[in-house]
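Chains as they are written, first to last, in the numbering used here: chain H, 1428 to 1706; chain C, 2 to 227. Okay, so here's the structure we're looking at.
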Amino acid sequence: MRHKRENTDSFKAGMLSIGVHAVLLIALLISFNWKTTHPINIAEVELWDSLLNTAVQKPLPTPEPVVVKEEPKPLPKVEEKPKEEVKQEPKVDIALEKKKKALELKKEDDKVKAEQALAQKKKLLALQEETRQDDLRDKEKLLKESKAKAQKDALQALQQSISADEKTSSNQQAIGAKSAANAGVIGEFQNKIRTKIRGNVNKSLCGDGNPELKFDIGLLPTGQLSGSPKLIKSSGNSACDEAVERAIMASEPLPLPSDSSLFSQFRNLKLTFRPNDGS
Amino acid sequence: MSVGVTDDMSIFSLVAGASLPVQFVLAVLIITSLFSWWYIFIKVAAIKRAETNADDFENAFWTGGDLNKLFEGLTAGRRKPQGMASIFEAGFKEYARHKQQGRSEISDVMEGSRRAMRAAYNRELDDLDAHLPFLASVGSVSPYIGLFGTVWGIMNAFRGLSNVAQATLSQVAPGIAEALVATAIGLFAAIPAVIAYNRFASSVDRLSVRYESFMEEFTNILQRKS
């Protein structure tokens, strides 16, 4: 009898214990559901962080190009080459123009001289008798004409030089300003990429020195990596190389300028990287 | 990346992602917890019934009336008497037998009925104490089992970390979280077991005191009768 009652009791108790566990499981699920929304908040915080970084870096566009120039790295060299070419081209043009103008001047001078010679001959033929006075007048005329010529030449030379100066300076200024701005933006974003990667590098793996690595990074316009970064120049420490490679992968998406025309500079980015560079 | 990892952190993925020893520990703990709760509910019912039975029997016993009638009422019922009633039944039956034989001295009769009551008392106490050692061992051992699972899981997590060599929280966090599930379930099994064990132990103690005092009083009554 007692056995029977215990059976019903134990059945009830078993149901109750299963019920208790079901309640616990539901409570756990609810609490975990609540927690899954939490990481999204964290992600939003990260976004805010990156926004803040850009906001902080934007007010300092002018000093950053200087920073880029100070770093003797391969990309700035590549960028400086077109600059030099651009500079050389206007010089060549100017030289040509100068030559042309000089030739024209010579021609004009020749004409003037021929006219003068003709006039002199006519005058000599017509006024052979009036030797002294005419000679004097001729001399005066010649003097005047020579003075005028000199003035003309001087004016033309001045004009030439001014126009040449203007052209070269304007050309140089325009091209120089544009390339300098581009170089500044490129340098700025390279620095941004470096700082973002540097934040993800485990610096303890790279030792106390200042190792330098070079990575060939293929980038998509979204800032995603198009492939795994290739190590061009190792730091000598394979752990450090791997740490930097992981850091590059972890810092996806990399910051890119909003100007899509500059993206060509980033498609195959050769990034020189110093993990221990504090700046 | 970190979002992807933390997105998956439901309890099921944590359990499924745990290593085999941790899963085994989790299974053991869940089964233990189920059994301990099962026994807790059984015990709650049994002790409650024993207390109400004792109350009912004490009421019936101390209202006076004939002990023979009480004994007949108990034995005539289809239910086998329980708790205090069974002690009374054992003692009175032994006493009645000695009386029927009519050849023994009072001290022998009292001694015999006392022994019978002691035996019934021990049986009752044994019934009341059933499953309590299980609850005690669940309460003391399951935290250790959970801790073992946690240590194992954290060991795995850190071993994975050594392979990666770059310490990010997102690489250790899932392993530690799934390891901590083991401790959580161990504690979930242990805490109710300990609480129930203490409560049941005190209830059984109080019941045993009631039984013993009843035995003494009933012995006195029998001695007066004979």
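The beta carbon of each residue, even a glycine, is placed where N, CA and C say it ideally should be. As the structure is a computational prediction, the values presented were derived from the model and not from experiment.
Quick one: Cα of residue i to Cα of residue j, how far?
i               : j               : result
residue 1509(H) : residue 1608(H) : Note that residue 1509(H) has pLDDT 48, beneath the 50 cutoff, so the model's placement of it is unreliable and no number is given.
residue 1578(H) : residue 1571(H) : 10 Å
residue 97(C)   : residue 201(C)  : 35 Å
residue 1550(H) : residue 1541(H) : 14 Å
residue 75(C)   : residue 102(C)  : 23 Å
residue 1684(H) : residue 1655(H) : 21 Å
residue 1(C)    : residue 215(C)  : The requested residue 1(C) does not occur in the structure, where chain C is confined to residues 2 to 227.
residue 1546(H) : residue 1606(H) : 57 Å
residue 1689(H) : residue 1662(H) : 29 Å
residue 1664(H) : residue 187(C)  : 45 Å
residue 1534(H) : residue 1580(H) : 12 Å
residue 1624(H) : residue 1442(H) : 57 Å
residue 183(C)  : residue 1691(H) : 53 Å
residue 1552(H) : residue 1573(H) : 22 Å
residue 1537(H) : residue 1687(H) : 57 Å
residue 1612(H) : residue 1682(H) : 12 Å
residue 1531(H) : residue 1586(H) : 14 Å
residue 1648(H) : residue 1694(H) : 8 Å
residue 1445(H) : residue 50(C)   : 22 Å
CB residue i to CB residue j, shorter than 7 Å?
i               : j               : result
residue 39(C)   : residue 1440(H) : yes
residue 1637(H) : residue 1701(H) : yes
residue 1659(H) : residue 1641(H) : yes
residue 191(C)  : residue 155(C)  : no
residue 1437(H) : residue 48(C)   : no
residue 132(C)  : residue 113(C)  : no
residue 209(C)  : residue 136(C)  : no
residue 1703(H) : residue 1670(H) : no
residue 129(C)  : residue 45(C)   : no
residue 143(C)  : residue 30(C)   : yes
residue 120(C)  : residue 88(C)   : no
residue 41(C)   : residue 227(C)  : no
Assign residue i to one of three DSSP states: helix, strand, or coil.
i               : result
residue 1647(H) : coil
residue 1681(H) : coil
residue 1700(H) : strand
residue 1637(H) : coil
residue 123(C)  : helix
residue 164(C)  : helix
residue 201(C)  : helix
residue 1690(H) : coil
residue 1660(H) : strand
residue 1695(H) : strand
residue 1429(H) : Because residue 1429(H) carries a pLDDT of 48, less than 50, the predicted location of this residue cannot be relied on, and no value is offered for it.
If I measure Cβ to Cβ from residue i and keep anything under 7 Å in the same chain, skipping five residues before and after, which residues do I get?
i               : result
residue 61(C)   : 71
residue 1539(H) : 1576
residue 149(C)  : 26
residue 140(C)  : 191, 194, 195, 198
residue 111(C)  : 220, 223, 224
residue 18(C)   : 175, 179
residue 1696(H) : 1644, 1646
Contact criterion: CB-CB distance below 7 Å. Does residue i meet it with respect to chain D?
i               : result
residue 1436(H) : Among the chains of the structure shown, chain D does not appear; the protein chains present are H and C.
Grab me the residues of residue i's own chain with a C-beta within less than 8 Å of its C-beta, minus the 5 sequence neighbours each way, in chain order.
i               : result
residue 117(C)  : 91, 92, 94, 95
residue 54(C)   : 83, 84, 85, 86
residue 1672(H) : 1642, 1655, 1656, 1658
residue 20(C)   : 153, 154, 157
residue 1668(H) : 1640, 1658, 1661, 1662
residue 168(C)  : 162
residue 15(C)   : 175, 178, 179, 182
Taking Cβ-Cβ distances shorter than 9 Å, what residues in chain C pair up with residue i?
i               : result
residue 1445(H) : 35, 38, 39
residue 1439(H) : 42, 43, 46
Mind listing the chain C neighbours of residue i? Cutoff is C-beta to C-beta under 8 Å, in chain order.
i               : result
residue 1630(H) : Per Cβ cutoff of 8 Å: no residues; residue 1630(H) is ~11 Å from chain C at best.
residue 1451(H) : 189
Note down, in chain order, each residue of its chain lying with its Cβ closer than 6 Å to the Cβ of residue i, except the 5 sequence neighbours on either side.
i               : result
residue 173(C)  : 158, 162
residue 1698(H) : 1642, 1644
residue 1627(H) : 1674, 1677, 1678
residue 105(C)  : 99
Since residue i meets chain H, which of its residues come closer than 8 Å, beta carbon to beta carbon?
i              : result
residue 168(C) : 1629
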